[in-house]
Amino acid sequence: NAGVTQTPKFRILKIGQSMTLQCTQDMNHNYMYWYRQDPGMGLKLIYYSVGAGITDKGEVPNGYNVSRSTTEDFPLRLELAAPSQTSVYFCASSSRQGSPTNTGELFFGEGSRLTVL
Amino acid sequence: AQKVTQAQTEISVVEKEDVTLDCVYETRDTTYYLFWYKQPPSGELVFLIRRNSFDEQNEISGRYSWNFQKSTSSFNFTITASQVVDSAVYFCALSEARAAGNKLTFGGGTRVLVKP
Chain A
9 NAGVTQTPKF RILKIGQSMT LQCTQDMNHN YMYWYRQDPG MGLKLIYYSV
59 GAGITDKGEV PNGYNVSRST TEDFPLRLEL AAPSQTSVYF CASSSRQGSP
109 TNTGELFFGE GSRLTVL
Chain B
59 AQKVTQAQTE ISVVEKEDVT LDCVYETRDT TYYLFWYKQP PSGELVFLIR
109 RNSFDEQNEI SGRYSWNFQK STSSFNFTIT ASQVVDSAVY FCALSEARAA
159 GNKLTFGGGT RVLVKP
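Chains A and B, in that order, give the protein sequences.
Here the numbering used here is used: the first residue of the first sequence is 9, the next is one more, and so on.
Here the numbering used here is used: the first residue of the second sequence is 59, the next is one more, and so on.
This is the structure in structure tokens:
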């Protein structure tokens, strides 16, 4: 199993450009997340989803959008890139609370390093 | 709202020394889960342990051990006989049972540097 796959791994954007970070998981997890990690800092939750068609804001949602049309995919959209969005972005997934396989553990992708100049 | 504090931003030790990482949390939920993740220099996040709020037993896994104390809202992590490969950033995290979606709130991380 591939687990959680993020693309691209690296990207440089100019101010005002837009882009989509792709995330897909093959573990049939209901829950998916996007976190950002600024240099020397912890992870902050941007958006999360508890199932296809259901998304909700996390701690730092401004400047981002998400969609969840399938269980597997959870893309993150940056509409007007700003230097403050320079960060490493992590996608993660976990199984549903109450499911036999739920350990509460989040499985993370390898991260996408985004630089906005 | 929940909060996780890792007061130590960086710890430097010499190989074979023990190192303890502090984690203090805040939550209003009576059922919650605490985690430790490791982020080596390569950048990925590696799950180390999950602890339920109703299980205060300490845990040992090889050179790693965890001390969970509800009375002080702490979940500290000790690496015994540290090795160079332990050099990484370690994150403590909290998930509240009644919050939707297993969301984790992370502390700011503690960077551990183990010198040979």
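Backbone N, C-alpha and C fix where the C-beta goes; we use that ideal spot for every residue, glycine too.
In terms of beta-carbon proximity, Asn116(B) stays away from the interface with chain A, with every pair separated by 8 Å or more.
Here Leu125(A) is exposed: its Cβ has fewer than 16 other Cβ atoms, across all protein chains shown, within 10 Å.
Looking at the DSSP output, Glu154(B) sits in a beta bridge with Tyr90(B). In this structure, DSSP gives Ser92(A) a helical state, which the three-state scheme calls helix.
Setting aside the 5 residues that flank it on each side, Thr78(A) is surrounded in the same chain by Ala60, each with a C-beta closer than 8 Å to its C-beta; the list follows chain order.
Taking 8 Å as the threshold, the shortest C-beta distance from Leu79(B) to chain A does not fall below it. Not flagged as an interface residue toward chain A: Lys128(B), since no C-beta distance is shorter than 8 Å. For Ser102(A), the nearest beta carbon of chain B is closer than 8 Å to its own beta carbon.
Scanning Ser92(A), Ser102(A), Arg104(A) and Ala100(A) for the CA closest to the CA of Gly24(A) turns up Ser92(A). For Tyr91(B), the neighbours in chain A by C-beta distance under 8 Å run, in chain order, Gly112. Residue-level contact by beta carbon fails for Ser70(B) and chain A, as no gap is shorter than 8 Å. Cα atoms of Asp87(B) and Met40(A): separation of roughly 22 Å, rounded to the nearest angstrom. Here DSSP, grouped into helix, strand and coil, assigns Asn160(B) to helix.
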